[in-house]
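One structure is given below, encoded as structure tokens.
Protein chains: 2
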Amino acid sequence: MAEAAQPSRRSEQLGEEIEERIVTGRYPPGFRLDEQDLAAEFGVSRTPIREALIYLASSGLVETRPRRGAIVAELSPTRLCEMFEVMAELEAMCGRLAARRITQEEQAALLEAHRACESARDADDPDTYYRLNEVFHQQIYQASHNSFLAEQADLLHRRLRPYRRLQLRVRNRMKTSYSEHQHIVDLILAGESDQAATTLRSHVVVQGERFADLISSLAELQSRLGTHAA
Amino acid sequence: MAEAAQPSRRSEQLGEEIEERIVTGRYPPGFRLDEQDLAAEFGVSRTPIREALIYLASSGLVETRPRRGAIVAELSPTRLCEMFEVMAELEAMCGRLAARRITQEEQAALLEAHRACESARDADDPDTYYRLNEVFHQQIYQASHNSFLAEQADLLHRRLRPYRRLQLRVRNRMKTSYSEHQHIVDLILAGESDQAATTLRSHVVVQGERFADLISSLAELQSRLGTHAA
DNA sequence: TCCGGATCGCTTGTATACAAGATATGAATC
DNA sequence: GATTCATATCTTGTATACAAGCGATCCGGA
């Protein structure tokens, strides 16, 4: 899914590297992305850094205010809920299409991704589960046979990574998630498109007690921020 | 919805200007966006041009191949259908939420936008209808009370502008569109969220005879391209 | 002591210079 | 005459130099 090899364009690599540092929390929300610092850090001039920042700004991951530099975007709780709401709908759409269009090979791949999650759950390993969970969802995106939709879903999924990650640490969330996955797999393989959509939507959407979990995750991220921001 | 005033950053203005020229067909799909030419055209150096192109590339409007320059993105029929499929779902989601969340003021604004479309239809003026149609749909996006969703919907809507525009010239499409709008307005105002979603989805999605219309629109665009590409 | 304004420094935004790869052109050979 | 390889030119990618705003600091006044 990611471009392989060297794009022979440093700014693209830099964009991905900086994105990685943002979604893994090394550059937390609100963190100031100083062009000179980053240039020194990566051993390049400001030009490719600027281009990388513009790229990231367009995806909403960083915010640039004219003449005032770039910072890692801070998402308000409202904004975050909105994004999860859209994510839920995109996932639902992927599920509906996947249930109708999935091929034999994709069925096998989906099942394999699902079983891999099972292992991580049994090992009680949230980090591994988190990674394999991404693969699982990407299999569904692929199976929708709508490459534009798959790209959009993947993009938003990545955008929400830091918050999703924290949520997985909530007690029992991993087990709940896995049993929901089981249900989703059954529905997709059975070709129950509407039910697959509905189940995926509620798997992703933030409501009820999970809303409170999300808010507390946010608070944690913001306290971490305090140690970084000037 | 658009940023007002001067962003004190030339590259942003340039991005919008180039985007405008793309969606209005002045730079048709496949058109080579030479940095030096554009720099001369706009009377600036290559730097802000490059930044504008990177911005546009991230939205998918232009394609950049490393060391080989940028061209206006060419959308295959398949890709285009995929994008309309996603657009339909986003619109459906906006409609569902709008039916539940629309305020008094937004109801008035929606009705006004709808009536403006009526005038354009009566005057048999596709260009005006096209413009007012955008306003109408944006009112629904706003009424969803999910600003992230509204932004995404608006972005994709803009991305599909050239193709939507050609479709409106199809015989009777304007009248059909208007009567569908009427139905949509009724459902939203009545709070019928599911029906509003379904109706909006089928209003946007490309299927049946409209698929053939789209393909022929594409052919027209591509023949136009022949006069521009080197 | 607190507030306001002007100046200084630092950061971003833009232009230009340089490096490196890609395409085009031309010649030589099959 | 066609094809292939080498060279030349042109374009992109990166570095550096310069310009222009924004913020911080310092000084003066209330």
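Protein chains in written order, with my numbering: chain A, 470 to 699; chain B, 470 to 699. Idealized CB from N, CA, C, for every residue including glycine.
- Following the DSSP letters along the chain, one finds B/Arg633 inside the alpha helix (DSSP H) bounded by residues 630-637.
- In the DSSP annotation of this structure, the continuous segment of the alpha helix (DSSP H) that includes B/Thr668 starts and ends at 662-673.
- Along the segment 555-585 of chain B, the positions whose C-beta sits under 7 Å from a C-beta of chain A are Val555, Glu558, Met562, read in chain order.
- What B/Ser671 touches in chain A, judged by beta-carbon distance under 9 Å, is nothing: the nearest beta carbon there is about 15 Å away.
- For B/Ile657 and B/Ala582, the gap between their C-alpha atoms comes out near 14 Å.
- Judged by their CB atoms, A/Glu481 and A/Leu530 are not nearer to each other than the 8 Å cut-off.
- It is roughly 43 Å from the alpha-carbon of A/Ala526 to the alpha-carbon of B/Asp591.
- A/Ala688 and A/Val675 have their C-alpha atoms some 16 Å from each other.
- Neighbours of B/Tyr524 across chain A, judged by C-beta separation under 9 Å: Ile523, Tyr524, Ala526, Ser527.
- Classified as exposed, B/Thr645 has fewer than 16 neighbouring CB atoms from the shown chains inside 10 Å of its CB.
- DSSP links B/Val541 through a beta bridge to B/Val531.
- Chain A has a Cβ within less than 8 Å of the Cβ of B/Pro535.
- In the DSSP secondary-structure assignment, A/Leu502 is bridged to A/Ala539.
- In this structure the segment 631-649 of chain A lies against the segment 588-605 of chain A, because at least three pairs of beta carbons, one per stretch, are closer than 8 Å.
- B/Glu486 is outside the set of residues whose beta carbon lies under 8 Å from a beta carbon in chain A.
- Residue state for B/Asn641 is assigned as coil, using DSSP reduced to three classes.
- Interface with chain A (8 Å Cβ-Cβ cutoff): B/Asn641 is excluded.
- Here B/Gly484 carries a helix assignment [DSSP, helix/strand/coil].
- At least one CB atom of chain A sits nearer than 8 Å to the CB of B/Phe617.
- A residue is called buried when at least 16 other Cβ atoms come within 10 angstroms of its Cβ; A/Pro546 does not meet this threshold and is exposed.
- Between the alpha carbons of B/Glu543 and B/Ser686 lies a gap of roughly 13 Å.
- Comparing C-alpha distances from A/Thr493 to each of A/Arg515, A/His652, A/Ala539, A/Leu635 shows the shortest one belongs to A/Leu635.
- For A/Ile571, no alpha helix (DSSP H) run applies, since DSSP gives it neither H nor E.
- Here the alpha carbon of A/Gly499 sits roughly 23 Å from the alpha carbon of A/Val555.
- Chain-order list of chain A residues neighbouring B/Arg628: empty, with the shortest C-beta distance near 10 Å, by a criterion of under 9 Å.
- Counting every other CB atom within 10 Å of its CB across the protein chains shown gives A/Pro631 a total of 16 or more, marking it as buried.
- Listed by position along chain A, the residues whose Cβ is nearer than 8 Å to that of B/Glu551 are Asn615, Ser616, Phe617, Leu618.
- At least one CB atom of chain A sits nearer than 8 Å to the CB of B/Gln621.
- Taken in chain order, the complete alpha helix (DSSP H) segments of 4 residues or longer contained in the segment 598-632 of chain B are 616-628.
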